[in-house]
Amino acid sequence: MGDQIQFIVEKLNQEPFRKNYNLITFDSLESLQLLQLLNDVLGVIDPKHAVDIREELPEQTAKRMLSLLGILKYKPPGSISDLSTFRQGLVTGSKPVIHPVLHWLLQRTNELKKRAYLARFLVKLEVPAEFLQDDTVADINKQYEELMEAFKNLHKECEQLKTSGLSTAEIRRDISAMEEEKDQLMKRVERLKKRVETVQNHQRMLEIARQLRLEKEREESLAQQKQEQKNQLFHAEQRLQRAQLQLKEMHHAVVDSKPESLMKKLEEEINFNSYLVTEKMPRELESKKNSVYFLRKVVAEPAMNQSDLSVVEMKINEVNAEINQLIEKRMMKYEPIDSKFSMYRQQASIISRKKEAKAEELQAAKEEMSSAERQMLEKTSQAHELEGADVPKGDEFKHYVNKLRSKNTFYKKKRLQIAEITAEYGILQRTEELLKQRHEALQQQLQAIEEKKGISGYSYTQEELERVSAVKSEMDEMKGRTLDNMSEMVKKLNAVVAEKKASLAPVIKELRQLRQKCQELTQECDEKKIQYDSCAAGLESNRSALEQEVKGLLEECVQEESNYRYINCMKRNLEVQLQRAKEEMKVYVSPDPQERRKAIREQYTRMILEQENLGKKLREKQKVVRENHGPNMKQIKMWQDLEQLMECKRECFLKQQNQTAIGQVIQEGGKDRLVL
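The UniProt record's numbering numbers the first residue of the sequence shown as 1 and each following residue consecutively.
What follows is the structure, encoded as structure tokens:
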């Protein structure tokens, strides 16, 4: 209780309360003052409660405080189990009730401020069901709930922005720096404008400069697009090479294998994948879910110190020991020694563990194979970039030669077909000539008949025939050139194949040596990596153990230092209090009445008597004021009515005087007219 009161006094002496209390003055507060102090603390948390409790009834004060404490989710301590007792202590200002409330409120003021602010908008108003039958009320209630949800989302976003690390001071500094930079740029632009205005045709030059800037920006964007398209092309070529490699592997697998082996391989792959899907993956997923659940549970719990952790570890060890004992009892009870089930279970567990280990090894081998394939594709792409073509391997080269041979046979067949077509074309050409001759004879006869009849067209027909013959000769020349080009192409292809064979032979030999050397280096690298990993794991475990030990010792040192400082401060406070108590006892026991009057007890006694007398006088004065309040208000009302009556009489009197003066003026004006 002493620590609690000391904490309350320290908090009340700080901002925003600044009460300037000590333990004695705080302990000597009366019930009404304690209630006002509690109300002041609640007013800091929620400004609506910053009122003077002397201006409201005690029942209203207690109801208001209880409602706010309910919103803040305050739970009375275990010693106050009855809610009516707590309410009665809150009404009367009992110290055993007020002190725990003050201690709880002052411990978490900022958190309670936030909760009170949110309660203004998130405490839902309960509308009776019979009122919700009305469509207007239902729509308004729905809008109210939607606004409440929108407020929740906005508040969450606001909190996230507050905790995101963005500081308003930094943003303001950045804005001010940007504004200064903007001012400097504006001044620089103005200076440049003044310089440019003296130059002839500056508008045209500015327009050209603007166009140049636009073209440069366009050039940069085009260069960026070009680079992106190159990257896309490179990735597409890599995908194409990967797909071609997979296709070649599938061709090799199909060529070198039988249907039975393919089916067996597929069955093994299906069994492995089904094992991964049905057994391994669900276990791993379940273990991950359990670990996530426990981690969330640990995060949700409050922070734990070293003593709490040691207690939890002791509980875990005790539970593990109990589990082991229960397992041993169960084994002794349900499994006799001569039973073979335990042996079978052990064998099954060993086999399952081996199966899991082999599955993991297979998965690792597949991942390693995929990484090796990726590296091979990268190397081939690099070789393609350097040499301009892929380097064929032994099997690929054989396949390439077979492909050339098949193309050569196909070419010979086509050449024979071309020769046959050429011969047939000669026959058809001769037939065409004969037909043309017959056509000419008939045309001459026809022309003679036409001349006899007066129609001529022989020259036109002759020119058409010459033109057709010229076109035919050009076609023959083109066909001959095409055949010559095809023969030259075949010769070139044969020469290129021979050159590639000669140039690739030493490269293939060197590549084999490099592959063997690469395998040896890879094996050595794996061994060194295993040694390094084991050494690093040992050093890391030692380092973590030492770090934990150092951290524990530092925390223990800090805790002991804080305990020492706290004890030292408490000792000084007690010495000061003891000295003051001795002086007070000395003055109180002194036989001199003047010295005794200087005692704090006597001073407080006099002050209490003076305040009690003052309170009695004020209560009597309040009683007199309450008794005379009604008659005094009536008298004030009567005087106000009398004042209004006199004001009305005065106005009437003034109006009457004005009318009398106007009548006299009119009469005098009439007399003057009569005289005239």
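No residue lacks a Cβ here, since even glycine has one placed at the ideal position from N, Cα and C.
Cβ-Cβ distance between residue i and residue j below 8 Å
| i | j | result |
| --- | --- | --- |
| residue 584 | residue 608 | no |
| residue 34 | residue 93 | yes |
| residue 150 | residue 71 | no |
| residue 127 | residue 141 | yes |
| residue 680 | residue 357 | This structure does not reach residue 680, given that the chain is present from 1 up to 676, and the question cannot be answered. |
| residue 404 | residue 277 | no |
| residue 52 | residue 17 | no |
| residue 306 | residue 555 | yes |
| residue 148 | residue 131 | no |
| residue 272 | residue 362 | yes |
| residue 98 | residue 38 | yes |
| residue 83 | residue 62 | no |
| residue 377 | residue 242 | yes |
| residue 587 | residue 575 | no |
| residue 57 | residue 87 | no |
Element boundaries [alpha helix (DSSP H), containing residue i]
| i | result |
| --- | --- |
| residue 29 | Looking at the DSSP string, residue 29 is not in any alpha helix (DSSP H), and its letter there is neither H nor E. |
| residue 103 | 95-107 |
| residue 64 | 58-71 |
| residue 91 | 83-92 |
| residue 11 | 2-12 |
| residue 266 | 259-275 |
Contacting residues, own chain, Cβ-Cβ under 8 Å from residue i (five flanking each side not counted)
| i | result |
| --- | --- |
| residue 79 | With a pLDDT of 47 at residue 79, under the threshold of 50, the predicted position of this residue should be treated as unreliable, though the coordinate-derived value follows. Closer than 8 Å at Cβ, skipping near neighbours: 96. |
| residue 22 | 9 |
| residue 471 | none |
| residue 81 | Note that residue 81 scores a pLDDT of 49, beneath 50, so its modelled location is shaky and nothing firm can be said. |
| residue 27 | 5 |
| residue 459 | With a pLDDT of 49 at residue 459, under the threshold of 50, the predicted position of this residue should be treated as unreliable, and no value is reported. |
Sequence-distant residues of the same chain with beta carbon closer than 6 Å to residue i, five excluded per side
| i | result |
| --- | --- |
| residue 389 | Low per-residue confidence applies at residue 389: pLDDT is 48, beneath 50, and the placement is therefore not dependable enough to give any value. |
| residue 623 | none |
| residue 7 | none |
| residue 337 | Note that residue 337 has pLDDT 47, beneath the 50 cutoff, so the model's placement of it is unreliable and the number below is only indicative. Counting only Cβ-Cβ distances below 6 Å, and skipping sequence neighbours, we find nothing. |
Close-in-space but distant-in-sequence residues of the same chain around residue i (CB under 7 Å, 5 per side omitted)
| i | result |
| --- | --- |
| residue 46 | 68 and 116 |
Within-8 Å CB hit, residue i to chain D
| i | result |
| --- | --- |
| residue 3 | Protein chain content of the structure displayed is limited to a single chain, and chain D is not contained in it. |
beta-carbon residue i near the ligand SAH non-hydrogen atom, thresh 7 Å
| i | result |
| --- | --- |
| residue 173 | Among the components modelled here there is no ligand, and therefore nothing to report on the ligand SAH. |
Under 8 Å: do the stretch 1-19 and the stretch 99-110 share three or more Cβ pairs, one atom per stretch? Yes, since at least three Cβ pairs between the stretch 1-19 and the stretch 99-110 fall closer than 8 Å, the two stretches touch.
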